[in-house]
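Read the structure below first, then the notes.
2 protein chains.
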Amino acid sequence: MADEMKMQRNPMADIGLDVLEDTLSFYIRSINMAISRDLDASLDGLEVARGTGKITTLLLVDRHPGIRPSVIATLIQRDRSAMVRLVDQMEESGLLTREVAPDDNRAQGLFITGRGRALAAEIRPRVVRQSREFFPDITDEEHAVLIRVLGRTYRRIVGLPPAGKNKTSGEP
Amino acid sequence: MADEMKMQRNPMADIGLDVLEDTLSFYIRSINMAISRDLDASLDGLEVARGTGKITTLLLVDRHPGIRPSVIATLIQRDRSAMVRLVDQMEESGLLTREVAPDDNRAQGLFITGRGRALAAEIRPRVVRQSREFFPDITDEEHAVLIRVLGRTYRRIVGLPPAGKNKTSGEP
DNA sequence: TATTGTTATACTCTATAACTATA
DNA sequence: TATAGTTATAGAGTATAACAATA
């Protein structure tokens, strides 16, 4: 009788996630969707909302004048064709400019504009704050572990040297 | 002299990521892209590759016969319209069936088919293995911390009760 | 022959709104 | 009035292949 009464009063209450309960990729993929939506909302109207590459591109160009599109493409894990559209878009918005690289006529260097620099300054604290505030229920220690472990994984994926060793210009 | 020689021999070697270096959302978003691509590759040809909802839907329907699309939609953070297309697709593939819910004619229950059950059994170990092998350079302890912290965050986002309390059918 | 940037295309995902039928 | 599912559509992202110019 009580068995028949349970029905689905709160359908969420007793849902088990099967093996996904212990599967990191599931959590990464799920949280990615939520955090990206939240980030878009917190940057609404700012020309860098939507999509995963614009913020990184802006900050990298601001920090590394003359950086090449192909380098950024590697760091944001896009192919060159996707990178072209990204740079097109940001150039049209007046955030950066392209110049032919002095040492290689095939390549380009990207340079920040005044507007781009202002926007970078505007979003920098916002991006950091949004990221931390998205995890209100984790401790600073847990946060540090996540940064360390996920940072290590990211660097391995894109081919950056391990943390703390990026001061020396390494061998190829 | 040595200053002029550095040029850009290995362009990746000394790239700083600006504030993104300490921004969790950046790592989540970046790793998400890589892990999703890798998962797609490891499930190539299996009818559940591509896109984030199919695997979860299959395992949830297999585990919870009669589960409603709207419940799954909440757990995978999609709206109902996206859920419809997902279920359409999986029904056409013969992985699950829809039935009108006996207690509410508006609602549906989803049920696994033989093919669906077989596919679920096929992918379960693959998904778990892929997830762990994608992080070859983290310890089991670090892995456990990630599962615990990200799992907690996921449950908060989608409105599931905290871990360990999902045995009791909670109040609404 | 390999690399950098470019263009084109097809495919998928995302977000939004409006609609139906039930409750 | 609110909810479960559905349909339609515009916009954005993704993957792929082919191309030109340069190394």
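Chains A and B, in that order, give the protein sequences.
Mapping to the numbering used here: the first sequence position 1 is 916, numbers consecutive.
Mapping to the numbering used here: the second sequence position 152 is 1067, numbers consecutive.
Think of the CB as a built atom: it goes at the ideal place given N, C-alpha and C, for glycine as much as any other residue.
Fair warning: this is a prediction, and the values are worked out from it, not measured in the lab.
Of the residues A/T989, A/A1035, A/M998, the one placed nearest A/Y1069, counting alpha carbons only: Looking up residue 1069 of chain A in the first sequence gives position 154. Across the set A/T989, A/A1035, A/M998, the C-alpha of A/T989 shows the shortest separation from the C-alpha of A/Y1069.
Residues that DSSP places opposite B/G1024 in a beta bridge: Residue 1024 of chain B sits at position 109 when you count from the first residue of the second sequence. In the DSSP output, where bridge partners are listed per residue, B/G1024 has B/E1014.
Should A/N947 be flagged as near chain B, meaning a C-beta pair shorter than 8 Å? In the first sequence, the residue the question calls residue 947 of chain A occupies position 32. Interface flag for A/N947 against chain B is set, since a Cβ pair is found closer than 8 Å.
Checklist entry - Just checking my contact of B/A1035 with B/L958 at CB under 8 Å: how many whole Å lie between their CB atoms? => result As a position in the second sequence, residue 1035 of chain B is number 120, starting the count at 1. As a position in the second sequence, residue 958 of chain B is number 43, starting the count at 1. Going by Cβ atoms, the distance from B/A1035 to B/L958 rounds to 12 Å, so no, they are not a contact pair.
* Considering only residues of the region 942-1010 of chain B, which uninterrupted alpha helix (DSSP H) runs meet the minimum length of 4 residues and lie entirely inside it, listed in chain order? -> If we require 4 residues or more, the alpha helix (DSSP H) runs fully inside the region 942-1010 of chain B come out as 969-978, 984-991, 995-1007.
**Request:** For A/D937, name the three-state secondary structure that DSSP assigns.
**Result:** Position 22 of the first sequence, counting from 1, holds the residue named residue 937 of chain A. Under the three-state reduction of DSSP output, A/D937 falls in the helix class.
Practice prompt. Take B/T938 as the anchor and find which of A/T971, A/L935, A/M948 has the nearest alpha-carbon.
Written response: Counting from 1 along the second sequence, the entry for residue 938 of chain B is found at position 23. Relative to B/T938, the option among A/T971, A/L935, A/M948 whose CA is nearest is A/T971.
For A/D1019, count neighbouring Cβ atoms within 10 angstroms of its own Cβ and tell me buried if that reaches 16, exposed if not. As a first step, residue 1019 of chain A is located in the first sequence; it is residue number 104 there, counting from the start. A residue is called buried once 16 or more other Cβ atoms fall within 10 Å of its Cβ, and A/D1019, having fewer, is exposed.
(Q) So the candidates are A/F941, A/G981, A/V1002; which of them puts its Cα closest to the Cα of A/G1024? (A) Counting from 1 along the first sequence, the entry for residue 1024 of chain A is found at position 109. Proximity to A/G1024 across A/F941, A/G981, A/V1002 peaks at A/G981, based on C-alpha coordinates.
Q) Of all the options A/L1065, A/F941, A/G960, which has the alpha carbon lying nearest to the alpha carbon of A/I1038? A) Residue 1038 of chain A sits at position 123 when you count from the first residue of the first sequence. With distances taken between Cα atoms, A/I1038 lies closest to A/G960.
Notebook entry, point to check: Got a sec: is the Cβ-Cβ distance from B/Q1023 to anything in chain A below 8 Å?
Noted result: Taking the first residue of the second sequence as position 1, residue 1023 of chain B is located at position 108. Chain A, which has no Cβ nearer than 8 Å to the Cβ of B/Q1023, makes this no.
Outcome for A/S940 when other beta-carbon atoms lying within 10 angstroms are tallied against a minimum of 16: Within the first sequence, numbered from 1, the residue matching residue 940 of chain A stands at position 25. It is buried - the Cβ of A/S940 has at least 16 other Cβ atoms within 10 Å.
Q. B/D1055 by DSSP, collapsed to three states: which one?
A. Here residue 1055 of chain B refers to the residue found at position 140 of the second sequence. Helix at B/D1055.
Output, in sequence order along the chain, the residues in the region 931-958 of chain A whose CB is closer than 9 Å to any CB in chain B.
G931, L932, D933, V934, L935, E936, D937, T938, L939, S940, F941, Y942, I943, R944, S945, I946, N947, M948, A949, I950, S951, R952, D953, L954: these are the residues of the region 931-958 of chain A whose beta carbon lies less than 9 Å from some beta carbon of chain B, given in chain order.
Q) Thinking just about the alpha-carbon of each residue, which of B/G1031, B/R1021, B/L954 is nearest to the one in B/S1008? A) Position 93 of the second sequence, counted from the first residue, corresponds to residue 1008 of chain B. Measuring from the Cα of B/S1008, the nearest candidate turns out to be B/G1031.
Quiz prompt | C-alpha distance - A/D977 paired with B/L1065, whole-angstrom precision | solution = Mapped onto the first sequence, residue 977 of chain A falls at position 62. Mapped onto the second sequence, residue 1065 of chain B falls at position 150. When only Cα atoms are considered, A/D977 and B/L1065 end up about 32 Å apart.
Q. Below 8 Å between beta carbons: does that hold for A/R944 and B/N947?
A. What you label residue 944 of chain A is simply residue 29 of the first sequence in a count that begins at 1. What you label residue 947 of chain B is simply residue 32 of the second sequence in a count that begins at 1. Yes; because the gap between Cβ atoms is below 8 Å, this pair is in contact.
Self-check item: Residues bridged to A/D1019 [DSSP beta-bridge criterion]
Solution: On the first sequence, residue 1019 of chain A is found 104 positions in, with the first residue counted as 1. Under DSSP, A/D1019 forms a beta bridge with A/A1016.
Taking the C-alpha atoms as reference points, what is the distance between B/L932 and A/G1074? The sequence position of residue 932 of chain B within the second sequence is 17, counting from 1. The sequence position of residue 1074 of chain A within the first sequence is 159, counting from 1. The straight-line gap from Cα to Cα measures roughly 13 Å.
Determine which residues of the region 967-979 of chain B have a Cβ less than 9 Å from any Cβ of chain A, and write them out in chain order.
Listed by position, the residues of the region 967-979 of chain B near chain A (Cβ gap below 9 Å) are T967, I970, T971, L974, L975, D977, R978, H979.
Next item on the list: Between the Cα of A/V1043 and those of B/M927, B/R952, B/L935, spot the shortest distance and give me the residue it belongs to.
Entry: Counting from 1 along the first sequence, the entry for residue 1043 of chain A is found at position 128. Considering only alpha carbons, the answer is B/L935.
Residues of the region 1057-1081 of chain A with Cβ closer than 8 Å to any Cβ of chain B, in chain order | Here the close residues are E1057, H1058, V1060, L1061, I1062, V1064, L1065, G1066, R1067, T1068, Y1069, R1071, I1072, V1073, G1074, L1075, P1076, N1081.
Exercise for review: Indicate whether A/R1067 and A/P1077 have their beta-carbon atoms separated by less than 8 Å.
Suggested key: In the first sequence, residue 1067 of chain A corresponds to position 152, counting from 1. In the first sequence, residue 1077 of chain A corresponds to position 162, counting from 1. Cβ distance < 8 Å, so A/R1067 and A/P1077 count as in contact.
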